[in-house]
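Residue numbers (the UniProt record's numbering), protein chains in the order written: chain A, 1 to 248; chain B, 1 to 322.
What follows is one structure encoded as structure tokens, with my remarks underneath.
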Amino acid sequence: MKILVCISHVPDTTSKINFTENDTKFDTNGVQFVINPNDEFGLTRAMWFKEKQGATVDVVTVGDKSTEPTIRKALAIGADSAIRVDAEPLDGFQVAKELAKVAQDGSYDLIIAGRESIDYNGGMVPGMLAKLIGANFINTCVSLEVEDDKATAVREIDGGKETLTANLPLVIGGQKGLVEESDLKIPNMRGIMMARKKPLKVVEPVAETPLTKAEKFEKPAPKGEVKLVDADNIDELIDLLHNEAKAI
Amino acid sequence: MSVLVYTESENGKLKKAALEVASYAKAVADAIGGNVTAVSINSDNNDDLANYGVHKSLEVSDEKLQKFNADAYAEVITQAAKKVDAKVVVISQSANAKYLAPLLSINLNAAYASNVVDVPKTDNEFTVERTAFTNKAFNHTSLSTDVKILGLSNNAFGLKESKAEMTKEDFSAELGDDHFKINVESVDKNTDKVSIADAEVVVSGGRGLKDPKNWGMIEDLADVLGAATACSKPVSDMGWRPHSEHVGQTGKPVASNLYIAIGISGAIQHLAGISASKTKVVINTDDEAPFFKAADYGIVGDAFEVVPKLIEKLKDFKANNA
Ligand SMILES: Cc1cc2nc3c(=O)[nH]c(=O)nc-3n(C[C@H](O)[C@H](O)[C@H](O)COP(=O)(O)OP(=O)(O)OC[C@H]3O[C@@H](n4cnc5c(N)ncnc54)[C@H](O)[C@@H]3O)c2cc1C
Ligand SMILES: Nc1ncnc2c1ncn2[C@@H]1O[C@H](COP(=O)(O)O)[C@@H](O)[C@H]1O
Chain A
1 MKILVCISHV PDTTSKINFT ENDTKFDTNG VQFVINPNDE FGLTRAMWFK EKQGATVDVV
61 TVGDKSTEPT IRKALAIGAD SAIRVDAEPL DGFQVAKELA KVAQDGSYDL IIAGRESIDY
121 NGGMVPGMLA KLIGANFINT CVSLEVEDDK ATAVREIDGG KETLTANLPL VIGGQKGLVE
181 ESDLKIPNMR GIMMARKKPL KVVEPVAETP LTKAEKFEKP APKGEVKLVD ADNIDELIDL
241 LHNEAKAI
Chain B
1 MSVLVYTESE NGKLKKAALE VASYAKAVAD AIGGNVTAVS INSDNNDDLA NYGVHKSLEV
61 SDEKLQKFNA DAYAEVITQA AKKVDAKVVV ISQSANAKYL APLLSINLNA AYASNVVDVP
121 KTDNEFTVER TAFTNKAFNH TSLSTDVKIL GLSNNAFGLK ESKAEMTKED FSAELGDDHF
181 KINVESVDKN TDKVSIADAE VVVSGGRGLK DPKNWGMIED LADVLGAATA CSKPVSDMGW
241 RPHSEHVGQT GKPVASNLYI AIGISGAIQH LAGISASKTK VVINTDDEAP FFKAADYGIV
301 GDAFEVVPKL IEKLKDFKAN NA
């Protein structure tokens with residue numbers, strides 16, 4: 001089985017979010033970048049397929065040179081080779097088009113992407129990619145098994161779960177649950193050394209025009225002070241929730 | 001010009017979110033000029049849509065669509081959009097809607113903006129405001145295609161009544177085997193509890209509750225309020241509560257009217273996921289817990305004393321205000 005894991009390079013969850021150039025660009029100053037958490041679960045699941053079922057695992061990111069440490073980390077975790085499409089990701093459609101080219105060139109059986117990236121929260125790349133290459137698609141995937149050319153997946157739905165089966169080729173939008181948090185792989189010294197020798201191929205983009213443009217960013221208005229209610233005066237809280245907040 | 005809205009139903013009944021997306025679609029139609037058409041799948045009665053500005057209801061009933069199937073549902077909406085020559089397609093941000101949206105986008109050659117929180121600006125470009133960085137920021141996005149898809153964040157617009165003369169029409173989409181390549185083997189849905197996504201009120205517990213045995217009072221409080229229960233990440237990591245209850249940046253987003261956090265410190269990743277909720281209440285022993293900076297109302301106190309009292313008082317309140 002040939003697996004491709006799509007990795008988006010995102011600010012660490014503790015990052016302070018600021019903008020520059022008249023609030024049109026994310027301010028990367030002092031920000032630590034990581035593998036998108038949803039993709040990290042998928043990557044670890046891919047390692048399981050590699051170890052248990054002899055799959056080969058490539059990782060891909062669409063991004064400029066500054067994303068290389070992030071995909072090197074994926075190599076250190078155990079991916080066999082990496083591809084970087086040399087383009088600035090501008091919107092979900094453009095990224096999906098770039099990934100579709102990589103996916104078709106490599107004829108992968110299984111493509112693991114994340115439910116959403118935690119920066120732009122588009123939640124659209126994996127589905128678009130699947131549709132573009134004519135593969136099956138399962139979103140919010142929390143469990144995945146593959147036997148021959150048939151996948152069984154569990155998908156999270158509002159208020160429950162659903163078990164689905166589909167033939168390969170398949171694209172998933174994965175998340176926590178694909179593997180347990182405690183099983184996430186952290187690169188060790190040997191992995192890091194080996195990653196230096198693994199291939200990282202830089203490919204030219206197909207240069208598709210994006211369909212949307214992030215024009216401007218804004219931070220939420222600062223919050224007013226919290227109203228404290230005495231622990232012995234629950235009636236006041238109920239009154240505030242009912243009359244002031246109109247929440248009950 | 002027309003706006004198409006996909007109004008979701010469950011077991012034949014329209015969901016509340018369907019009325020919200022209809023209200024929003026009406027506002028979009030007013031902004032760009034034109035009428036609202038709704039498309040529903042296996043919904044028994046769509047009369048209520050007329051109260052939220054829907055002009056025409058396209059009603060699909062098809063045994064094959066009994067279970068949700070993203071590809072087939074996206075195809076139905078695609079054909080409905082083409083039929084009414086929709087310029088904007090409005091959907092919710094339920095798990096199902098988010099699943100089908102990117103497929104719909106490719107089908108219709110339409111730009112898609114997710115997590116939209118406001119009515120589009122249409123002065124020269126078509127721009128919407130959406131949340132980004134897991135609610136740590138907003139982002140104004142312009143959409144440049146002829147047809148556009150907007151995914152409205154839950155509870156971001158609310159219900160706005162607007163009476164319309166609504167006509168109904170049976171609609172059947174042409175679907176091939178190709179649209180049913182994914183098989184639903186089984187559905188495991190908790191039907192007697194509200195889901196976090198649909199809930200008006202969410203009651204959430206953190207590590208401060210110390211033991212899964214103490215969740216009885218969280219559930220009791222949720223019962224009085226008709227709320228969904230949720231938890232912080234460590235609570236689900238330790239197996240005290242199911243993963244499906246984990247809220248925050250790496251869990252589920254919460255956009256409820258009321259969010260009550262009990263024994264949760266308010267780490268940045270937790271707050272990111274719940275900041276779209278309208279009113280936030282914190283109950284915590286530590287007055288320095290960061291959650292107090294994010295909350296509207298707070299009680300500095302021991303959950304084991306405060307919560308049982310709150311349950312009793314709320315029962316009285318509900319009895320008097322029923
Ligand atoms: C990459 C990454 C992603 C993450 N994503 C998420 C996420 O999506 N969601 C999430 O929740 N967390 C997330 N976290 C974890 C987050 O950083 C915090 O560790 C977590 O939210 C803390 O959970 P907590 O508030 O339940 O526990 P704690 O921080 O331990 O807080 C417990 C609180 O309970 C209070 N308390 C104690 N006893 C009582 C009592 N008797 N009555 C009332 N209050 C009491 C304490 O004062 C304290 O404030 C993430 C972390 C990382 C690194
Ligand atoms: N620039 C990118 N390069 C590679 N994969 C990406 C990129 N952006 C998004 N993805 C993949 O698509 C998923 C969903 O991203 P999004 O649609 O942007 O929320 C991510 O979890 C990644 O798996």
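All C-beta atoms in this analysis are idealised placements derived from N, C-alpha and C, irrespective of residue type, glycine included.
On a predicted model such as this, the values are computed, not experimentally measured, just so you know.
Beta-carbon proximity check, residue i vs residue j, cutoff 8 angstroms
{"i": "A/K201", "j": "A/S81", "result": "yes"}
{"i": "B/T285", "j": "B/D296", "result": "no"}
{"i": "B/A261", "j": "B/V282", "result": "yes"}
{"i": "A/I83", "j": "A/D58", "result": "yes"}
{"i": "A/S8", "j": "A/D39", "result": "yes"}
{"i": "B/A38", "j": "B/V119", "result": "no"}
{"i": "A/E156", "j": "B/D237", "result": "no"}
{"i": "A/A130", "j": "A/V179", "result": "no"}
Any C-beta of chain B under 8 angstroms from that of residue i
{"i": "A/V226", "result": "yes"}
{"i": "A/V60", "result": "no"}
{"i": "A/T20", "result": "no"}
{"i": "A/A221", "result": "no"}
{"i": "A/L178", "result": "no"}
{"i": "A/E215", "result": "yes"}
{"i": "A/T28", "result": "no"}
{"i": "A/G159", "result": "yes"}
Heavy atom of ligand 2 within 7 angstroms of residue i beta-carbon
{"i": "A/N36", "result": "yes"}
{"i": "A/D39", "result": "yes"}
{"i": "B/T141", "result": "no"}
{"i": "A/I7", "result": "yes"}
{"i": "A/Y120", "result": "yes"}
{"i": "A/P126", "result": "yes"}
{"i": "B/S105", "result": "no"}
Cutoff 8 angstroms: residue i Cβ touching any chain A Cβ
{"i": "B/A22", "result": "no"}
{"i": "B/S232", "result": "no"}
{"i": "B/P102", "result": "yes"}
{"i": "B/T78", "result": "no"}
{"i": "B/E161", "result": "no"}
{"i": "B/K189", "result": "yes"}
{"i": "B/V306", "result": "yes"}
{"i": "B/S40", "result": "no"}
{"i": "B/Q66", "result": "no"}
{"i": "B/S265", "result": "no"}
{"i": "B/F180", "result": "no"}
{"i": "B/L4", "result": "no"}
{"i": "B/T279", "result": "yes"}
DSSP three-state assignment for residue i, whether helix, strand or coil
{"i": "B/N154", "result": "coil"}
{"i": "B/H55", "result": "coil"}
{"i": "A/T14", "result": "coil"}
{"i": "A/K101", "result": "helix"}
{"i": "B/F180", "result": "helix"}
{"i": "B/S114", "result": "strand"}
{"i": "A/L170", "result": "strand"}
{"i": "B/V76", "result": "helix"}
{"i": "B/F138", "result": "strand"}
{"i": "A/L184", "result": "coil"}
{"i": "B/Y6", "result": "strand"}
Distance cut-off 7 angstroms: residue i Cβ against heavy atoms of ligand 1
{"i": "B/I283", "result": "yes"}
{"i": "A/G173", "result": "no"}
{"i": "B/P234", "result": "yes"}
{"i": "A/A195", "result": "no"}
{"i": "A/I13", "result": "Note that residue 13 of chain A is Thr in the sequence shown, not Ile. Result yes, Cβ under 7 angstroms from ligand 1."}
{"i": "B/H246", "result": "yes"}
{"i": "B/H179", "result": "no"}
{"i": "B/T127", "result": "no"}
{"i": "A/Q32", "result": "no"}
{"i": "A/T44", "result": "no"}
CB contact below 8 angstroms: residue i versus chain C
{"i": "A/N243", "result": "Reference to chain C is not applicable here, since the protein chains of this structure are A and B."}
* **Where the region 34-47 of chain A meets chain B: residues whose CB sits under 9 angstroms from a CB there** => P37, N38
* **Residues, ordered as in the chain, of the region 131-148 of chain B that lie near chain A by beta-carbon distance below 8 angstroms** => T131, A132, F133, T134, N135, K136, A137, F138, N139, H140, T141, S142, L143, S144, T145
* Check distances from the C-beta atoms of the region 121-142 of chain A to those of chain B and list, in chain order, the residues that come in under 9 angstroms. => N121, G122, G123, M124, V125, P126, G127, M128, L129, A130, K131, L132, N136, F137, I138, N139, T140, V142
* Between the region 192-207 of chain B and chain A, which residues of the former have a C-beta closer than 9 angstroms to a C-beta of the latter? -> K193, V194, S195, I196, A197, D198, E200, V201
* Asked: Mind listing which residues of the region 108-127 of chain B have their C-beta closer than 9 angstroms to chain A's C-betas, in chain order?
  -> N109, A110, A111, Y112, A113, S114, N115, E125, T127
* To do: Anything in the region 233-259 of chain B with a Cβ closer than 8 angstroms to a Cβ of chain A? List those residues in chain order, please.
  => D237, H243, S244, H246, Q249, T250, G251, N257, L258
* Along the region 290-304 of chain B, what residues have a CB closer than 8 angstroms to any CB found in chain A? -> F292, K293, A294, A295, D296, Y297, G298, I299, V300, G301, D302
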